[in-house]
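Undergrad: In the UniProt record's numbering, the protein residues as written are 1 to 122.
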Amino acid sequence: MKAVALTAMISLGFIATSQAASVEFVPQDRSTATKLCIAAATMKPMQLRQAIKHQGLTEQSAVRAIDCNDENIATFAARYNPDRRSVRRLGVYAPQGTVTIQEQAQTHSDTPVVIALTGRYR
Numbered sequence: 001m002k003a004v005a006l007t008a009m010i011s012l013g014f015i016a017t018s019q020a021a022s023v024e025f026v027p028q029d030r031s032t033a034t035k036l037c038i039a040a041a042t043m044k045p046m047q048l049r050q051a052i053k054h055q056g057l058t059e060q061s062a063v064r065a066i067d068c069n070d071e072n073i074a075t076f077a078a079r080y081n082p083d084r085r086s087v088r089r090l091g092v093y094a095p096q097g098t099v100t101i102q103e104q105a106q107t108h109s110d111t112p113v114v115i116a117l118t119g120r121y122r
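As structure tokens, then:
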């Protein structure tokens with residue numbers, strides 16, 4: 001039941017955010033780490049917190065344990081999540097100086113940027 005709820009939360013966050021940012025994440029596996037990477041890139045702060053908590057982790061342990069496409073989950077969120085509050089929540093636990101919020105240029109193209117995504121535990 002937890003897996004279904006987490007998948008539903010991630011799917012809703014993914015659909016809502018990916019349309020606005022023109023970025024489409026394609027998971028390369030069905031691991032929990034990959035699902036949390038998608039959540040970090042697409043969800044608002046409380047949704048993200050709930051997704052992490054649903055997996056029995058804290059935000060601090062997720063930042064220390066999960067890599068998304070070979071970078072820390074907090075850095076990955078800073079790159080792709082347009083909600084700065086989500087980035088700040090994860091960035092608090094990242095090693096000092098590793099997370100900077102980057103502005104994404106809004107593209108008005110109908111073609112989304114497709115990013116293959118793999119999450120893994122360290």
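Note that CB positions come from ideal geometry on N, CA and C, so glycine has one too.
Keep in mind it's a predicted model, so treat the numbers as computed, not measured.
Within its chain, find whatever has a CB closer than 7 Å to the CB of A41; leave out the 5 residues flanking it on each side and keep chain order.
TA: Excluding positions up to five away in sequence, the list reads F25, F76, A77, Y80, N81.
Undergrad: Count the other CB atoms within 10 Å of the CB of K53; is the residue buried (16 or more) or exposed (fewer)?
TA: K53 should be labelled exposed.
Undergrad: Whole angstroms is fine: what's the gap from V23's alpha carbon to C37's?
TA: For V23 and C37, the distance between alpha carbons rounds to 14 Å.
Undergrad: Restricting to Cα atoms, I'd like to know which of R120, Y121, V114, R88 is closest to M43.
TA: Of the listed residues, the one whose Cα sits closest to M43 is R88.
Undergrad: Out of curiosity, what's the CA-to-CA distance linking A116 and D83?
TA: Approximately 21 Å, taken between the alpha carbons.
Undergrad: Taking the alpha carbon of P95 as the reference point, which residue from R85, N69, R120, A62 has its own alpha carbon closest?
TA: Closest by alpha carbon: A62.
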